[in-house]
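Down below is the structure, laid out as structure tokens.
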Amino acid sequence: MDSFDYQILKIIQNNNRQTTEDIGLQIGLSATAVQRRLKALRQSGVIEKEIAILNPSELSGHILVIVEVVLVQDGTSAINNFKKKTKNYPEVQQSYYVAGKNDFILVIAAKSMHRYDIITQELFLDDESILKFHSNVVMANVKVGLDIPLP
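Per the UniProt record's numbering, the sequence shown starts with residue 1, numbered consecutively.
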């Protein structure tokens, strides 16, 4: 990757709806060159997905909860089972296996508190491999970013 690739990535991290012509004008490349580079970045896996980011608070009552999870044991089987389990819930937006006082950190977007209650029952309370979990209900988004700092 060269400086042009990094410049393209910086631009599309902020707004991936810009045309290749607009990107090219900003960095001094032709639209065709930008297109070629974007294709290579996608094929190599540097660009994993291009998505729309929705605001949960604008979608009729959705709540966002950050959950800290501690497993009873740190065995490979328990860890892999919980990883697999979280992938089956569309409400689990992000699931991180972490080092530290917790084993997992989850970001859950539920359509209501009632739905979140059901999720906690199924994901945590009914699972004997869960020692404890702590829910943090998001009151306001202060900063939400997915940009990766680039050179």
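Positions of the beta carbon are idealized from the N, C-alpha and C atoms, including for glycine.
This one's a predicted model, so the numbers in the text were calculated from it and none came from an experiment.
For residue j and residue i, believed in contact at Cβ under 8 Å, the rounded distance
i, j, result
"Ile108", "Ile118", "About 11 Å; that fails the 8 Å criterion."
"Leu106", "Val67", "4 Å"
C-alpha gap between residue i and residue j, whole angstroms
i, j, result
"Thr76", "Lys83", "10 Å"
"Lys111", "Met139", "15 Å"
"Asn136", "Val69", "11 Å"
"Asp5", "Gln121", "46 Å"
"Asp22", "Ile11", "10 Å"
"Gly24", "Ala78", "49 Å"
"Leu29", "Arg36", "11 Å"
"Ser27", "Gln7", "Contrary to the premise, residue 27 reads as Ile rather than Ser in this sequence. Each residue's Cα considered, the two are about 7 Å apart."
Residue i - partner residues in DSSP beta bridges
i, result
"Ser95", "Leu106"
"Leu64", "Ala109"
C-beta contact flag for residue i and residue j at 8 Å
i, j, result
"Asp147", "Asn55", "no"
"Ile63", "Tyr97", "no"
Segment limits, alpha helix (DSSP H) that includes residue i
i, result
"Lys39", "Ala31 to Gln43"
"Lys10", "Ser3 to Asn14"
"Phe124", "Note, Phe124: premise wrong, no alpha helix (DSSP H); not H, not E."
Beta strand (DSSP E) segment containing residue i, residue limits
i, result
"Phe133", "Ile130 to Val137"
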